[in-house]
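Right, one structure below, let's go through it.
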Amino acid sequence: MNKQKINQWLGILFIIVSCNTIEKGPSESDQIFFDFYLGMKQKDFFDHCTELNKQEIITQGPGGTTSVEHRIKDKFSSEVSVRFFPTFIDYKIFEMPVTYSFIAWAPWNRQFWAENLLEEVLEDYKKVYGDDFKLLNHPTQGKVYYKIDGIRRINLFVKDEQFVQAVFTDLKVEKRLKEEFEQNNKPEYNPN
1 MNKQKINQWL GILFIIVSCN TIEKGPSESD QIFFDFYLGM KQKDFFDHCT
51 ELNKQEIITQ GPGGTTSVEH RIKDKFSSEV SVRFFPTFID YKIFEMPVTY
101 SFIAWAPWNR QFWAENLLEE VLEDYKKVYG DDFKLLNHPT QGKVYYKIDG
151 IRRINLFVKD EQFVQAVFTD LKVEKRLKEE FEQNNKPEYN PN
């Protein structure tokens, strides 16, 4: 092969390798909401929160720096507060717990209890994430609606009288953490 052909092949190989190493954006099944996604870098999360705050879409929720709040006025039967803050593993979003509650909730306002809000949130989630949520009757949490697609699991359930809880989990990271835990907690064999 002459030098020109070698250079052409090296150029083609370089282009192929370069195209394969370009960082891909999040897939549809990585998405959470507001363009947050599983695997999002911690710094990117905070930068995105800053932008959403400037647009007055979110605010800092109660609890200082570990709570973000969004108000939904027209989607549900009454105004709803949505609070969230992710769990980071290796500086990336591993899990996103989210709570929903009616602003008008009070112990004496049974129409604004979480059991009523759960059905409304579930219907909204079906529109956004797909209709194929399954029901699991959990021994301690009661009704848990869940959906698994790609690496994302979504659990949705009543946390208590006030709050509906949703949890978005990266199953790939969860599996790795479980394997690491099992590996680190294996009993050592000692024949003596």
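Just so you know, UniProt numbering puts 135 at position 135 of the sequence shown, and the rest follows in order with no gaps. From the three backbone atoms N, C-alpha and C, an ideal C-beta is built for every residue, glycine too.
Worksheet item: Tell me which same chain residues have a C-beta within less than 8 Å of the C-beta of L117, skipping the five on either side of it?
Response: Looking up residue 117 in the sequence shown gives position 117. F76, V80, Y100, S101, F102, V164.
Item to complete: Pick out whichever of V128, F168, Q183 has its Cα sitting closest to the Cα of T87.
Response: One-based indexing of the sequence shown puts residue 87 at position 87. For T87, the nearest C-alpha among the options comes from F168.
Discussion item. Helix, strand or coil for T66? Go by DSSP, reduced to three states.
Written reply: Locating residue 66 in the sequence shown gives position 66, counting from the first residue. In the structure shown, T66 sits in a helix (DSSP, three-state: H, G or I).
Worksheet item: Is residue 254 near G150, with beta carbons less than 9 Å apart?
Response: As shown, the chain starts at 1 and ends at 192. That puts residue 254 outside it, with no answer to give.
Worksheet item: Terminal residues of the continuous beta strand (DSSP E) containing Q165?
Response: Within the sequence shown, residue 165 is the residue found at index 165, counting from 1. In this chain, the beta strand (DSSP E) harbouring Q165 covers 164-170.
Practice prompt. Report the three-state DSSP secondary structure of F34 (helix, strand or coil).
Written response: For this step, residue 34 is matched to residue 34 along the sequence shown. If DSSP states are grouped into helix, strand and coil, F34 belongs with coil.
Item to complete: Measure the Cβ-Cβ separation of K143 and F157 and say whether it is below 9 Å.
Response: Along the sequence shown, one-based indexing puts residue 143 at 143. Along the sequence shown, one-based indexing puts residue 157 at 157. Yes, these two residues count as a Cβ contact at 9 Å.
Worksheet entry | Beta-carbon spacing of E69, T59 below 9 Å | The sequence position of residue 69 within the sequence shown is 69, counting from 1. The sequence position of residue 59 within the sequence shown is 59, counting from 1. Yes, Cβ-Cβ distance for E69 and T59 is below 9 Å.
Item to complete: Per DSSP, which residues does Y146 bridge with? Please list them.
Response: Taking the first residue of the sequence shown as position 1, residue 146 is located at position 146. K134, N155, per the DSSP bridge assignment.
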